[in-house]
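Q: Numbering (my numbering), first residue to last: 659 to 795. Even for Gly, the Cβ is constructed at its ideal location relative to N, Cα and C. This is the structure I have questions about; it appears just below.
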């Protein structure tokens with residue numbers, strides 16, 4: 659068996675996976691199959707905690723807990739070693755890049771236009787869930 663692929667999955671992918679069927683859900687399925695491991699930082703997890711509780715999403719308290727438990731259980735926490743300041747339009751996205759560098763990730767999976775417009779960062783490709791699934795399988 660080969661090494662498990664390390665990736666950084668953006669918060670928006672988790673929200674999409676739990677809110678709707680489709681490619682983001684298929685990415686999470688790869689986590690459950692242990693084909694990929696999501697690398698995450700405390701900052702990204704805190705962002706996820708805030709986002710799942712957003713009233714606009716209308717996620718039930720049970721679903722909120724399920725999302726957080728899934729991400730916590732199926733992710734590997736890393737500590738960023740450097741500060742990244744690349745995305746002027748949305749500096750919050752820089753934490754995704756810093757996590758990917760710290761984890762030595764093979765890919766960043768996101769639906770965020772600021773990240774996707776980079777194409778890659780330090781040779782780490784930034785892809786939509788659909789692009790990742792196409793590339794990986």
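Any contact between the region 699-707 and the region 735-743? By contact I mean 3 or more CB pairs, one from each, below 8 Å.
A: Yes: at least three Cβ pairs fall under 8 Å.
Q: Checking 9 Å against the spacing of the C-beta atoms, do residue 664 and residue 764 come in under that value?
A: Their beta carbons are under 9 Å apart, which means residue 664 touches residue 764 by this criterion.
Q: Suppose you measure from the CA of residue 725 to the CA of residue 706; what does that come to, to the nearest Å?
A: Cα to Cα, residue 725 sits roughly 9 Å from residue 706.
Q: Sorted by chain position, which residues of the same chain lie with C-beta nearer than 6 Å to residue 742's C-beta, five sequence neighbours on each side aside?
A: The answer, listed in chain order, is 752, 755 and 756.
Q: Tell me the DSSP secondary structure of residue 745 in three-state form.
A: Coil, per DSSP.
Q: Given a cut-off of 9 Å, decide if residue 745 and residue 766 are closer than it, judged by their beta-carbon atoms.
A: No, Cβ-Cβ distance for residue 766 and residue 745 is not below 9 Å.
Q: Rounded to the nearest angstrom, what separates residue 668 and residue 750 at their Cα positions?
A: Their Cα atoms are separated by approximately 11 Å.
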